[in-house]
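Trainee: All residue numbers for the sequence shown refer to the numbering used here, where the first residue is 855 and numbers rise by one.
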Amino acid sequence: MNRREFLQKTFIALPIVAIAACTNDKKHPEVEEKPKEPDTSSSVTFVSEDDPMAKNLAYVADASSASSEMRVEKSGVKGMDQYCHNCMFYIAEDGKSYGPCQLLPKKGMVHADGWCKSWAPKPA
Ligand code: SF4
């Protein structure tokens with residue numbers, strides 16, 4: 855093979871190898887992917903605002919719909935800055951906009967942007 859042939863084959867072969875590497879579906883055996891959990895809102899049970907326990911807490915799925923008279927400043931945090939996601943009773947799950955609340959066990963998930971009158975700041 856002369857120099858010209860070598861260069862021609864190399865410049866034709868390299869892009870093909872690069873494309874094949876990018877489209878290879880085989881996984882590396884040492885890097886196994888975890889099975890993904892279905893994360894659709896339809897497969898999640900949410901706390902109902904009509905649940906008696908939730909009503910006692912005046913829970914709302916959308917904090918902005920809470921009465922401003924109830925959503926008052928606590929521990930130096932203004933009412934409008936209080937959400938489930940920054941409440942000490944909220945159990946955050948990576949990448950999810952909802953999670954369980956320790957005060958509403960077995961009732962389903964609360965919305966990260968929800969609120970209730972038992973809101974308390976997460977410890978620093
Ligand atoms: S206790 Fe906290 S996390 Fe639970 S519903 Fe009330 S504000 Fe949300």
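Quick reminder that beta carbons are idealized off the backbone N, C-alpha and C, glycines included.
What separation, rounded to the nearest whole angstrom, lies between the Cα atoms of P925 and E947?
Mentor: The question names Pro, yet the displayed sequence has Arg at residue 925. For R925 and E947, the distance between alpha carbons rounds to 25 Å.
Trainee: Rank A966, I945, K971 and K909 by C-alpha distance to the C-alpha of C938 and give the top, closest one.
Mentor: A966
Trainee: What is the DSSP secondary structure of K960, reduced to helix, strand or coil?
Mentor: coil
Trainee: List the whole-angstrom C-beta distance separating G953 from M963, where the pair is believed to meet the contact cut-off of C-beta under 8 Å.
Mentor: 6 Å
Trainee: Between V964 and the ligand SF4, is the CB less than 8 Å from at least one heavy atom?
Mentor: yes
Trainee: Specify, as a first and last residue, the run of the alpha helix (DSSP H) that P954 falls within.
Mentor: P954 -> not in any alpha helix (DSSP H); beta strand (DSSP E) instead, spanning Y952 to P954.
Trainee: By the DSSP assignment, the alpha helix (DSSP H) with P906 in it spans what residues?
Mentor: P906 to N910 is the span of the alpha helix (DSSP H), which, as asked, contains P906.
Trainee: Take T899 as the anchor and find which of G968, K960 and A978 has the nearest alpha-carbon.
Mentor: K960
Trainee: Quick check: does the Cβ of Y913 come within less than 8 Å of any heavy atom belonging to the ligand SF4?
Mentor: yes
Trainee: For the ligand SF4, is there a heavy atom less than 8 Å away from the beta-carbon of F943?
Mentor: yes
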